[in-house]
Each structure stands twice: as structure tokens, then as C-alpha cells.
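*Asks:* Okay, handing you the structure first.
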Amino acid sequence: MNALTTNWRMITATLAEDKARNVGRLRIDDAAFLPAALEVIERPVSPTARVTAKVLLAGVAALGLWLTLGRTDIIASAQGKIVPTGAVQLVQPAEAGVVRRILVHDGDHVTKGQVLVLLDPTVSTAEAAQARKSLDSVSFEVARTQAVVDALDGKGFRFAAPAGTDPATAALQESLARAKLAEVNASIQAQQAGNAVASAEIGSARAEVAKLTETLPLLDEQISANEQLLAKGFVSKMKVLEMRRQRIAQVRDRDSALQSIRRATAQAGGAASNSVKARADARSALLDELVKSTAEMRLRQDELVKTTQRATLQALRAPVTGTVGQLSVHTE
Numbered sequence: 040m041n042a043l044t045t046n047w048r049m050i051t052a053t054l055a056e057d058k059a060r061n062v063g064r065l066r067i068d069d070a071a072f073l074p075a076a077l078e079v080i081e082r083p084v085s086p087t088a089r090v091t092a093k094v095l096l097a098g099v100a101a102l103g104l105w106l107t108l109g110r111t112d113i114i115a116s117a118q119g120k121i122v123p124t125g126a127v128q129l130v131q132p133a134e135a136g137v138v139r140r141i142l143v144h145d146g147d148h149v150t151k152g153q154v155l156v157l158l159d160p161t162v163s164t165a166e167a168a169q170a171r172k173s174l175d176s177v178s179f180e181v182a183r184t185q186a187v188v189d190a191l192d193g194k195g196f197r198f199a200a201p202a203g204t205d206p207a208t209a210a211l212q213e214s215l216a217r218a219k220l221a222e223v224n225a226s227i228q229a230q231q232a233g234n235a236v237a238s239a240e241i242g243s244a245r246a247e248v249a250k251l252t253e254t255l256p257l258l259d260e261q262i263s264a265n266e267q268l269l270a271k272g273f274v275s276k277m278k279v280l281e282m283r284r285q286r287i288a289q290v291r292d293r294d295s296a297l298q299s300i301r302r303a304t305a306q307a308g309g310a311a312s313n314s315v316k317a318r319a320d321a322r323s324a325l326l327d328e329l330v331k332s333t334a335e336m337r338l339r340q341d342e343l344v345k346t347t348q349r350a351t352l353q354a355l356r357a358p359v360t361g362t363v364g365q366l367s368v369h370t371e
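So, in C-alpha cells, the structure goes:
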């Protein structure tokens with residue numbers, strides 16, 4: 040704007056000077072009657088050049104003003120359609136699938152959450168069902184193992200079926216858990232039976248030792264009396280020798296019974312230790328199985344969440360309210 044103002048002032052000043060110089064000058068017609076020398080001097084300049092200069096200056100000024108403030112609209116004429124580049128929401132499936140139904144067309148107005156395209160849910164539904172079965176199987180295994188562990192720990196047998204299990208399936212799984220507990224108890228009782236046998240052998244051997252210990256003094260008295268009679272010739276020597284042999288045999292039988300007691304005692308201790316070890320081994324194996332089953336159950340739960348979410352994505356929905364455009368799916 041400063042350049043335009045300066046130019047305007049210069050033009051105004053020039054026009055004012057020209058006007059001042061023209062005051063008092065002769066007109067062109069008046070100079071025609073002067074002598075030739077004076078006519079050349081006094082004849083005013085033709086206004087055509089000045090008008091031309093003024094017009095050119097005015098045109099330059101107008102051009103500068105238009106270049107500064109003017110706008111040019113470019114209009115192109117062609118056939119086609121408008122393709123927006125902003126505020127566009129791309130809707131596409133998370134993975135490839137088979138189109139079951141197309142519910143919209145180009146130009147349709149849709150609201151947020153409205154179903155646009157339905158994909159074939161056969162594969163995703165089957166995967167979700169398989170994941171559910173796998174999770175149920177692992178959940179039942181965890182419940183059975185936990186019930187057996189609780190029974191071994193003295194908490195009683197308590198089978199807790201997963202939520203939503205039908206009564207028939209729950210009863211079957213409880214029967215399987217009881218069968219597992221019976222198997223573990225049978226292994227423990229087999230070790231305890233060895234302890235009972237050893238205890239019975241100990242009792243029998245102790246009774247034998249007691250009997251022999253009680254009869255030995257009587258046998259010693261008989262031998263002593265018969266030796267006195269032998270000295271007087273009232274009994275034969277063979278009878279005394281037989282009684283001595285009998286005493287030696289009883290002493291040996293008593294020593295053998297004592298050895299049997301020691302051996303049976305050791306067996307009873309080993310059987311008791313084996314019984315405790317069998318229970319501990321069974322519990323350890325069950326706990327290890329419980330840990331693995333629990334970890335597997337968590338993995339199956341995550342897998343079920345993924346497959347269920349995948350099944351819900353078989354329906355393409357509008358993310359926002361708007362108009363459908365550039366629909367690239369045209370066949371079912």
C-alpha cells in the first residue's frame with residue numbers, strides 16, 4: 040500500500056505542475072496566426088501524448104492494484120466423481136474371509152455401529168467351539184487333581200466342577216476323580232500291608248521267644264535231676280543226652296526267634312517309610328500335574344478370548360456415522 044500511495048502522489052504532483060505550466064499559454068488555434076518562429080515557440084504541445092502517458096500510468100496503477108488484491112479462480116471442467124482425502128474411515132476385515140452378505144451400497148448413510156458387510160463365520164465359529172472344548176477338558180483335569188490333592192492333605196474329598204457344567208458331566212468327572220484317589224490310596228495301602236505283615240511276624244516271634252524262655256528253666260531242672268539219677272544208675276545216659284540236645288535246640292530256636300524279631304522290625308520300619316514315601320510321591324506327582332494343568336488352562340482361556348473376538352469380527356460395522364463411499368466389495 041505504501042508504493043501505491045507514493046505513485047499516486049507523484050501522479051497528482053505531475054498533473055498539478057502541468058496544469059500550472061498551461062496557465063497563460065496560448066491555445067493551439069491562437070498560435071496559428073503568429074509568425075512562423077513565434078508559432079514554433081508559443082504553440083502548446085499536443086495533448087495526445089500527455090493523455091496517452093496518463094492512460095498508461097493509470098493502467099500500470101490498476102495492474103499493480105489488481106496484482107496486489109485480485110484473485111484468480113481456476114475452473115476445470117471434466118467428468119468424474121469427487122474422492123475425499125480427509126475425514127475418511129477405512130473399513131476392512133482383520134483377516135481374509137468369504138463375504139456372506141453386503142448390506143450397504145455407495146452413497147448410503149450409515150450410523151455408528153451399523154453392520155455393513157457380513158463374512159462367513161463357519162471357520163471362526165468352529166475354532167471358538169474347539170477352543171471352548173479344550174478349555175473345558177483342561178478345567179476338568181484341574182478340578183479332579185485339586186480334589187485328590189485336598190483328600191491326601193486331609194481336607195476331605197471335595198470336587199468343584201467349573202461353572203456352567205451340566206449335572207451329568209459333573210457327576211462323571213467326580214467319578215473319575217474318586218477313581219484316581221482310590222488308585223493312589225491302593226498304592227499307599229499296599230505299602231501299609233507290608234507293615235502289617237511285618238508287625239504280625241514280630242508278634243509271633245515274640246510269643247515264640249517268651250515260650251522258649253519260660254520252658255528253658257524247667258528243662259534245666261529236668262536235666263539236673265536226671266543227671267543225679269544217672270549217677271545213681273536209675274536212668275540211662277541216653278535219656279540225659281537227649282534232654283541236653285533238646286535244651287540246645289530250644290536255645291537255638293529262641294535265638295532264631297529273636298533274629299526274626301529284629302528282621303521283622305526292620306521290615307516294618309521300611310514298610311512304614313515306604314508308605315510315607317508312596318504318599319509323598321503321589322502328592323508330588325499330583326501337584327506337578329496340577330501346576331501344568333493350571334498353566335495350560337490359562338493358555339486355553341487366552342485362546343478362547345482370541346477365537347471369540349475373531350468370531351465377532353466377522354461382521355464389519357461402521358466406525359462412525361457417515362456416508363458409504365468407494366465400496367470395493369460388489370459380489371457375495
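In my numbering, the protein residues as written are 40 to 371. Built from N, CA and C at the ideal position, the CB exists for glycine as well.
Tell whether a beta-carbon distance below 9 Å holds between Ala-296 and Arg-245.
*Replies:* Position 257 of the sequence shown, counted from the first residue, corresponds to residue 296. Position 206 of the sequence shown, counted from the first residue, corresponds to residue 245. At the C-beta level, Ala-296 and Arg-245 come within 9 Å of one another.
*Asks:* Contact between the stretch 251-269 and the stretch 282-296 is defined here as three or more beta-carbon pairs at a separation below 8 Å; is this criterion met?
*Replies:* yes
*Asks:* Considering only their Cβ atoms, is the gap separating Val-177 from Leu-329 smaller than 9 Å?
*Replies:* In the sequence shown, counting from the first residue as 1, residue 329 sits at position 290. In the sequence shown, counting from the first residue as 1, residue 177 sits at position 138. Val-177 sits away from Leu-329, with the two beta carbons spaced by 9 Å or more.
*Asks:* If you measure between the beta carbons of Gln-212 and Ala-200, is that distance less than 9 Å?
*Replies:* For the purposes of this step, residue 212 is taken as residue 173 along the sequence shown, with counting starting at 1. For the purposes of this step, residue 200 is taken as residue 161 along the sequence shown, with counting starting at 1. Yes, they are a contact pair.
*Asks:* Kindly indicate the opening and closing residues of the beta strand (DSSP E) around Arg-139.
*Replies:* Position 100 of the sequence shown, counted from the start, is the residue given in the question as residue 139. Counting along the chain, the beta strand (DSSP E) containing Arg-139 begins and ends at 138-141.
*Asks:* Quick check on this structure: which residue in Ala-170, Arg-293, Leu-191 has the alpha carbon closest to the alpha carbon of Leu-251?
*Replies:* Taking the first residue of the sequence shown as position 1, residue 251 is located at position 212. It is Arg-293 whose Cα lies nearest to the Cα of Leu-251.
*Asks:* Should the stretch 190-197 be regarded as contacting the stretch 326-343, the criterion being three or more beta carbon pairs within less than 8 Å?
*Replies:* no
*Asks:* In terms of residues, what are the limits of the alpha helix (DSSP H) holding Val-162?
*Replies:* For the purposes of this step, residue 162 is taken as the residue at position 123 of the sequence shown. Run containing Val-162: 161-191, per the alpha helix (DSSP H) assignment.
*Asks:* Tell me Val-154's beta-bridge partners as DSSP assigns them.
*Replies:* Within the sequence shown, the letter at position 115 stands for residue 154. DSSP lists Arg-356 as partners of Val-154.
*Asks:* Can you give the Cα-Cα distance for Lys-331 and Thr-351, rounded to whole angstroms?
*Replies:* Locating residue 331 in the sequence shown gives position 292, where the first residue counts as 1. Locating residue 351 in the sequence shown gives position 312, where the first residue counts as 1. Approximately 31 Å, taken between the alpha carbons.
*Asks:* Tell me the rounded alpha-carbon separation between Gly-98 and Gln-118.
*Replies:* Here residue 98 refers to the residue found at position 59 of the sequence shown. Here residue 118 refers to the residue found at position 79 of the sequence shown. Roughly 39 Å between the two C-alpha positions.
*Asks:* Give the DSSP-derived three-state secondary structure of Thr-204 in the structure shown.
*Replies:* As a working mapping, residue 204 is identified with position 165 in the sequence shown. Thr-204 carries a coil assignment under DSSP once its states are collapsed to helix, strand and coil.
*Asks:* Cα separation between Gly-109 and Gln-153?
*Replies:* One-based indexing of the sequence shown puts residue 109 at position 70. One-based indexing of the sequence shown puts residue 153 at position 114. Looking at the two C-alpha atoms, the distance is approximately 48 Å.
*Asks:* For His-148, which residues does DSSP report across the bridge?
*Replies:* Against the sequence shown, residue 148 aligns to sequence position 109. Paired residue(s): Thr-362.
*Asks:* Please return the same chain residues whose Cβ sits closer than 6 Å to the Cβ of Leu-220, not counting the five positions on each side in sequence.
*Replies:* Residue numbering aside, residue 220 sits at position 181 when the sequence shown is read from its first letter. The residues Val-187, Ala-190, in chain order, have a CB closer than 6 Å to that of Leu-220 in the same chain once the five nearest residues on each side in sequence are set aside.
*Asks:* Give the secondary structure of Val-274 by DSSP, where H, G and I count as helix, E and B as strand, and everything else as coil.
*Replies:* The sequence position of residue 274 within the sequence shown is 235, counting from 1. Reduced to three states, the DSSP call for Val-274 is coil.
*Asks:* Sorted by chain position, which residues of the same chain lie with C-beta nearer than 7 Å to Lys-278's C-beta, five sequence neighbours on each side aside?
*Replies:* Counted from its first residue, the sequence shown places residue 278 at position 239. Same-chain partners within the cutoff: Asn-265.
*Asks:* Indicate whether Val-149 and Ala-357 have their beta-carbon atoms separated by less than 9 Å.
*Replies:* Counting from 1 along the sequence shown, the entry for residue 149 is found at position 110. Counting from 1 along the sequence shown, the entry for residue 357 is found at position 318. In contact: Val-149 and Ala-357 (Cβ atoms closer than 9 Å).
*Asks:* Quick check on Glu-253: buried or exposed, where buried means 16 or more other Cβ atoms within 10 Å of its Cβ?
*Replies:* Against the sequence shown, residue 253 aligns to sequence position 214. Exposed, by the Cβ-count rule.
*Asks:* Classify Ile-227 as buried or exposed, calling it buried when 16 or more other Cβ atoms lie within 10 Å of its own Cβ.
*Replies:* Sequence index remark: in the sequence shown, residue 227 carries index 188 (1-based). It is buried - the Cβ of Ile-227 has at least 16 other Cβ atoms within 10 Å.
*Asks:* In its own chain, which residues sit with a C-beta less than 6 Å from the C-beta of Glu-247, not counting the 5 before and 5 after it?
*Replies:* Reading the sequence shown from its first residue, position 208 is the one you call residue 247. Closer than 6 Å at Cβ, skipping near neighbours: Ala-296.
*Asks:* For the candidate residues Trp-105, Ala-270, Leu-269, Leu-258, whose alpha-carbon lies nearest to that of Ile-287?
*Replies:* One-based indexing of the sequence shown puts residue 287 at position 248. Closest option to Ile-287, Cα to Cα, is Leu-258.
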